[in-house]
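Note that the working numbering has the sequence shown beginning at 316, numbered continuously upward.
Just so it is clear, CB atoms sit at the ideal spot from N, CA and C, and this is done for glycine as well.
First comes the structure, then the notes that go with it.
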Amino acid sequence: MKERWLPVGIVAGALFLVNVIARLVVRFAAGSDDDKQVTIGLWALFAVGAVMIPVAFWYGRRHPMLRVVADLGIAVVSACVLAVLVGPFVSGATPFGNGVGLVFRQFFYFVGLSAIGAVLGTLALMTLGLDYRSQSWKRYIDRAGTKPRRIVRR
Numbered sequence: 316m317k318e319r320w321l322p323v324g325i326v327a328g329a330l331f332l333v334n335v336i337a338r339l340v341v342r343f344a345a346g347s348d349d350d351k352q353v354t355i356g357l358w359a360l361f362a363v364g365a366v367m368i369p370v371a372f373w374y375g376r377r378h379p380m381l382r383v384v385a386d387l388g389i390a391v392v393s394a395c396v397l398a399v400l401v402g403p404f405v406s407g408a409t410p411f412g413n414g415v416g417l418v419f420r421q422f423f424y425f426v427g428l429s430a431i432g433a434v435l436g437t438l439a440l441m442t443l444g445l446d447y448r449s450q451s452w453k454r455y456i457d458r459a460g461t462k463p464r465r466i467v468r469r
């Protein structure tokens with residue numbers, strides 16, 4: 316259990332940490348300037364997507380794609396739920412203070428940009444031929460390409 320879910324928890328924690336850092340920067344640096352708040356929030360979302368690129372690359376090298384999608388999907392959704400429901404308390408607000416519409420927008424932006432980052436990392440992995448399936452095909456070709464032993468008849 317630990318071997319499977321510990322990396323998922325670490326990824327979720329890292330994504331949530333990026334969001335918490337951005338919220339603290341907004342709270343202490345931006346003040347009440349809406350333009351700065353929006354700019355910092357967008358950069359934080361891009362940072363979440365950028366974190367997912369190497370994570371998907373690393374995870375896709377070691378596991379089949381179905382497991383990669385499931386595990387990273389669970390990590391992203393759990394980090395998103397934490398960021399949307401717990402994150403506002405870090406910046407001194409409440410989750411539903413600005414309405415339910417904002418909560419859903421934050422959720423879809425977070426999941427969408429995380430998915431884009433994961434897809435980019437996975438595409439880079441497949442392009443380089445380092446994904447799980449390409450490596451197993453390569454091992455099969457290397458093994459099947461050798462000639463079988465000849466049996467000597469007397």
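About 20 Å separates the Cβ atoms of residue 364 and residue 446, ruling out a contact at the 8 Å cut-off.
Counting only the Cα atoms, residue 451 lies some 49 Å from residue 409.
DSSP places residue 466 in no alpha helix (DSSP H); its state is neither H nor E. In the DSSP annotation of this structure, the continuous segment of the alpha helix (DSSP H) that includes residue 382 starts and ends at 380–400.
Beta-carbon to beta-carbon, residue 402 and residue 338 are separated by about 6 Å, close enough to satisfy the 8 Å threshold. Secondary structure of residue 422 (DSSP, three-state): helix.
A Cβ-Cβ distance of about 34 Å is found for the pair residue 345 and residue 437, leaving them out of contact under the 8 Å criterion.
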